[in-house]
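First residue of the sequence shown: 2, per this note's numbering; consecutive thereafter. By construction, the Cβ of each residue, glycine as well, lies at the ideal position given by its N, Cα and C atoms. Predicted model only: the values in this text are computed from it and were never measured. Following: one structure in structure tokens, then a few remarks.
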Amino acid sequence: MNTKAILTAVLLLAASATFAAPSEEDKQKGIEAFCNAAANMAYDSMLSGLKGEKHPAIQKKLEAKYLKPFADDKNLSGIMGEQIKYTLKKTEVILKEAKQAGLKVKPAEYEELAMEAGRAEMEVCMKNMAE
């Protein structure tokens, strides 16, 4: 699912919540859409960090991709903004700990590691949202 579709699903869920209580199926779809967006953020952030991009550049890239579509909605832009901050901090900690442990990552491994970061974020997000 592409970023635009994920973000649209989150927006539609929020809009439907204002008019009527969403069904359990709609709630689950909204959770999955949000967690998918969080996973994509984790992937993008980790891949950029592994490539040596600095925090401000990564933040700008994430904001353009995940925050800009909701610029007119204070609630959703706030949620996505907080998720971006969380993702950046998590990436920073993981990369710092890897460096301290002496982990050497080859450029050929960046994509796989970023995918794993995304998968892990999806798993954690779904678990947390289920509670």
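- In this structure, DSSP gives Glu83 a helical state, which the three-state scheme calls helix.
- With respect to the 8 Å criterion, Arg120 and Ala39 are not classified as neighbours on the basis of their beta carbons.
- If the five residues before and after Val106 are omitted, its C-beta is found closer than 8 Å to the C-beta atoms of Leu51, Ala99, Leu114, all from its own chain and listed in chain order.
- The Cβ atoms of Ile85 and Glu64 lie closer than 8 Å to each other.
- The Cβ-Cβ distance between Cys36 and Met123 falls below 8 Å.
- Lys61: member of the alpha helix (DSSP H) spanning 56 to 63, first to last residue.
- With a cutoff of 8 Å on beta-carbon distance, Leu89 and Met81 are scored as not near each other.
- For Lys61 against Asp45, the beta-carbon gap comes to about 12 Å, at or over 8 Å, which does not count as contact.
- Per DSSP, reduced to three states, the secondary structure at Lys97 is helical.
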